[in-house]
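Enquirer:
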Amino acid sequence: MGLRQTKPEKFVPGAHIYRLIPNKPIDCYHHGIYIGDNMVIHFLGPVKKLTDPDPSECQECGHRPDTNRGVVKTCLDCFLVGQRLFILQYIWRSLIFGRKRRLLHPKQPDVVIRKANELLKTGFGTYNLVGNNCQNFAYYCKCGIYIGPLFSGGY
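Everything in the sequence shown is counted per this note's numbering, starting at 1 for the first residue and increasing by one.
As C-alpha coordinates, then:
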(Lines of atoms letter the chains of each structure in order from A and count residues from 1; the text may use other names and numbers.)
(Lines give C-alpha, C1' and ligand atoms only; values in the text may rest on other atoms or scores of the structure.)
Protein backbone atom coordinates (compact mmCIF):
# COMPACT_ATOMS: atom_id res chain seq x y z
CA MET A 1 0.00 0.00 0.00
CA GLY A 2 2.97 2.32 0.17
CA LEU A 3 2.96 3.06 3.88
CA ARG A 4 4.35 6.44 4.72
CA GLN A 5 3.93 7.69 8.24
CA THR A 6 3.69 11.43 8.48
CA LYS A 7 2.84 14.29 10.77
CA PRO A 8 -0.39 16.27 10.22
CA GLU A 9 1.51 19.44 9.35
CA LYS A 10 3.20 17.62 6.45
CA PHE A 11 0.14 16.96 4.33
CA VAL A 12 -2.32 19.11 2.43
CA PRO A 13 -6.08 19.20 1.98
CA GLY A 14 -7.23 16.62 -0.56
CA ALA A 15 -4.78 13.97 0.72
CA HIS A 16 -5.88 10.33 0.87
CA ILE A 17 -5.00 9.40 4.45
CA TYR A 18 -5.31 6.19 6.42
CA ARG A 19 -4.53 4.60 9.75
CA LEU A 20 -4.21 1.11 11.18
CA ILE A 21 -7.28 -0.51 12.70
CA PRO A 22 -5.94 -2.08 15.90
CA ASN A 23 -6.63 -5.57 17.25
CA LYS A 24 -7.27 -7.29 13.91
CA PRO A 25 -5.72 -10.65 12.94
CA ILE A 26 -4.42 -9.07 9.70
CA ASP A 27 -3.36 -5.52 8.94
CA CYS A 28 -6.51 -3.53 8.27
CA TYR A 29 -6.64 0.19 7.56
CA HIS A 30 -9.27 2.90 7.73
CA HIS A 31 -9.17 5.43 4.86
CA GLY A 32 -10.43 8.97 4.44
CA ILE A 33 -9.91 12.31 2.72
CA TYR A 34 -8.28 15.13 4.65
CA ILE A 35 -10.19 18.33 3.79
CA GLY A 36 -8.21 20.84 5.84
CA ASP A 37 -8.79 22.64 9.14
CA ASN A 38 -8.08 19.39 11.03
CA MET A 39 -11.14 17.68 9.44
CA VAL A 40 -11.52 14.38 7.57
CA ILE A 41 -14.40 12.95 5.51
CA HIS A 42 -14.56 9.16 5.63
CA PHE A 43 -16.97 6.23 5.22
CA LEU A 44 -17.87 4.21 8.32
CA GLY A 45 -19.50 0.80 8.43
CA PRO A 46 -22.13 -0.40 10.90
CA VAL A 47 -21.62 0.18 14.61
CA LYS A 48 -19.42 -2.44 16.18
CA LYS A 49 -19.34 -3.37 19.85
CA LEU A 50 -17.87 -0.35 21.58
CA THR A 51 -15.46 -0.69 24.48
CA ASP A 52 -16.83 2.49 26.06
CA PRO A 53 -20.40 1.79 27.28
CA ASP A 54 -21.26 5.49 27.09
CA PRO A 55 -19.26 7.11 24.30
CA SER A 56 -19.48 10.85 24.49
CA GLU A 57 -19.71 13.37 21.69
CA CYS A 58 -16.39 14.82 20.53
CA GLN A 59 -15.98 18.38 21.77
CA GLU A 60 -14.16 19.42 18.58
CA CYS A 61 -16.37 17.96 15.84
CA GLY A 62 -19.49 16.54 17.53
CA HIS A 63 -18.86 12.98 16.29
CA ARG A 64 -20.45 10.14 18.29
CA PRO A 65 -18.91 6.75 17.44
CA ASP A 66 -22.06 4.91 18.52
CA THR A 67 -24.42 6.69 16.12
CA ASN A 68 -22.61 8.55 13.32
CA ARG A 69 -22.16 6.06 10.45
CA GLY A 70 -21.98 6.19 6.65
CA VAL A 71 -20.10 9.14 5.15
CA VAL A 72 -19.10 11.38 8.05
CA LYS A 73 -17.02 14.46 8.68
CA THR A 74 -14.89 14.28 11.83
CA CYS A 75 -11.84 15.90 13.30
CA LEU A 76 -8.48 14.26 12.69
CA ASP A 77 -8.35 12.94 16.27
CA CYS A 78 -11.68 11.10 15.84
CA PHE A 79 -10.42 9.64 12.55
CA LEU A 80 -7.11 8.50 14.03
CA VAL A 81 -8.44 7.17 17.37
CA GLY A 82 -4.91 7.22 18.76
CA GLN A 83 -3.28 5.52 15.75
CA ARG A 84 -0.48 6.82 13.51
CA LEU A 85 -1.33 8.75 10.36
CA PHE A 86 -0.28 7.60 6.88
CA ILE A 87 -0.69 9.19 3.44
CA LEU A 88 -1.32 7.09 0.35
CA GLN A 89 1.16 8.07 -2.35
CA TYR A 90 -0.18 8.12 -5.90
CA ILE A 91 3.13 8.33 -7.78
CA TRP A 92 2.86 5.69 -10.54
CA ARG A 93 0.02 4.05 -8.61
CA SER A 94 -2.01 1.43 -10.42
CA LEU A 95 -4.44 -1.33 -9.55
CA ILE A 96 -4.97 -4.62 -11.33
CA PHE A 97 -8.56 -5.65 -12.11
CA GLY A 98 -8.60 -9.22 -13.40
CA ARG A 99 -6.16 -9.03 -16.33
CA LYS A 100 -6.38 -5.27 -16.78
CA ARG A 101 -4.20 -2.68 -15.11
CA ARG A 102 -5.78 0.71 -14.42
CA LEU A 103 -3.65 3.71 -13.70
CA LEU A 104 -4.96 5.93 -10.96
CA HIS A 105 -4.75 9.60 -11.81
CA PRO A 106 -5.29 11.70 -8.69
CA LYS A 107 -7.49 14.76 -9.08
CA GLN A 108 -6.58 18.26 -7.97
CA PRO A 109 -7.14 18.84 -4.22
CA ASP A 110 -10.14 21.16 -4.73
CA VAL A 111 -11.85 18.52 -6.90
CA VAL A 112 -11.14 15.79 -4.31
CA ILE A 113 -12.55 17.92 -1.48
CA ARG A 114 -15.61 18.89 -3.53
CA LYS A 115 -16.35 15.21 -4.29
CA ALA A 116 -15.93 14.21 -0.61
CA ASN A 117 -18.28 17.01 0.49
CA GLU A 118 -20.81 15.99 -2.18
CA LEU A 119 -20.76 12.39 -0.92
CA LEU A 120 -21.13 13.67 2.65
CA LYS A 121 -24.51 15.02 1.54
CA THR A 122 -25.63 12.24 -0.83
CA GLY A 123 -23.98 9.16 0.70
CA PHE A 124 -21.85 6.42 -0.85
CA GLY A 125 -24.35 3.56 -0.87
CA THR A 126 -24.62 0.72 1.60
CA TYR A 127 -21.41 -0.14 3.40
CA ASN A 128 -19.97 -3.55 2.55
CA LEU A 129 -16.56 -4.66 3.81
CA VAL A 130 -15.66 -6.39 0.54
CA GLY A 131 -17.38 -4.29 -2.09
CA ASN A 132 -18.11 -0.78 -0.83
CA ASN A 133 -15.89 0.38 2.01
CA CYS A 134 -13.76 3.30 3.19
CA GLN A 135 -10.95 2.50 0.77
CA ASN A 136 -13.36 2.46 -2.19
CA PHE A 137 -14.69 5.81 -0.97
CA ALA A 138 -11.24 7.41 -0.70
CA TYR A 139 -10.12 6.15 -4.15
CA TYR A 140 -13.37 7.42 -5.66
CA CYS A 141 -12.89 10.87 -4.17
CA LYS A 142 -9.19 11.02 -5.06
CA CYS A 143 -9.26 9.54 -8.59
CA GLY A 144 -12.88 9.73 -9.70
CA ILE A 145 -13.18 5.99 -10.36
CA TYR A 146 -14.99 3.33 -8.40
CA ILE A 147 -12.61 0.43 -7.76
CA GLY A 148 -14.85 -2.04 -5.90
CA PRO A 149 -15.38 -4.82 -5.25
CA LEU A 150 -11.90 -5.08 -3.82
CA PHE A 151 -11.00 -6.65 -0.52
CA SER A 152 -8.87 -3.95 0.93
CA GLY A 153 -8.88 -4.59 4.62
CA GLY A 154 -10.67 -1.29 5.03
CA TYR A 155 -13.33 -0.83 7.67
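The beta carbon of each residue, even a glycine, is placed where N, CA and C say it ideally should be.
Quantities reported herein were computed from a predicted structural model and do not represent experimental measurements.
Straight-line CA distance for Asn117 to Pro22?
Expert: For Asn117 and Pro22, the distance between alpha carbons rounds to 27 Å.
Enquirer: Quick check: the Cα distance between Tyr90 and Asn133, rounded to an integer number of angstroms?
Expert: Going by the C-alpha atoms only, they are around 19 Å apart.
Enquirer: Have a look at Gly32 and Phe43 and give me their C-alpha separation to the nearest angstrom.
Expert: Each residue's Cα considered, the two are about 7 Å apart.
Enquirer: If you scan the region 54 to 97 from start to end, which runs of the alpha helix (DSSP H) of 4 or more residues do you find wholly inside it?
Expert: List check, alpha helix (DSSP H) in window: 76 to 80.
Enquirer: Which residue comes first and which comes last in the beta strand (DSSP E) that contains Tyr34?
Expert: Tyr29 to Gly36 is the extent of the beta strand (DSSP E) around Tyr34.
Enquirer: So, are the CB atoms of Val72 and Leu119 less than 8 Å apart?
Expert: No, the Cβ-Cβ distance between Val72 and Leu119 is not below 8 Å.
Enquirer: For Arg69, which residues of its own chain have a beta-carbon under 8 Å away from its beta-carbon, when the five flanking residues on both sides are left out?
Expert: So the list reads Leu44, Gly45, Pro46, Val47 and Tyr127, once near-sequence residues are dropped.
Enquirer: DSSP three-state label for Met39, please.
Expert: Strand, per DSSP.
Enquirer: Comparing C-alpha positions only, which one of Lys107, Leu88 and Cys61 sits nearest to Met39?
Expert: Ranking Lys107, Leu88 and Cys61 by Cα distance to Met39 puts Cys61 first.
Enquirer: Tell me which residues share the same chain as Ser152 and place their Cβ nearer than 7 Å to its Cβ, disregarding the 5 neighbours each side in the sequence.
Expert: The predicted model places Ser152 with a pLDDT of 46, which falls under 50 and marks its position as unreliable; any figure quoted below should be read in that light. Closer than 7 Å at the Cβ level, and outside the excluded window around Ser152, lie Asn133 and Gln135.
Enquirer: Pull up the DSSP beta-bridge partners for Ile17, would you.
Expert: In DSSP, Ile17 forms a bridge with Gly32 and Ile87.
Enquirer: Just to confirm the assignment, what range does the alpha helix (DSSP H) spanning Asn133 have?
Expert: Careful: Asn133 lies outside any alpha helix (DSSP H) and carries neither H nor E.
Enquirer: Secondary structure at Leu119, three-state DSSP: helix, strand or coil?
Expert: Leu119 falls in the helix class under three-state DSSP.
Enquirer: Nearest CA to the CA of His105: which residue from Tyr139, Phe124 and Thr122?
Expert: Answer by Cα proximity: Tyr139.
Enquirer: Any C-beta of chain C sitting closer than 8 Å to the C-beta of Leu85?
Expert: Going by chain labels, chain C is absent from the structure shown, which holds only one protein chain.
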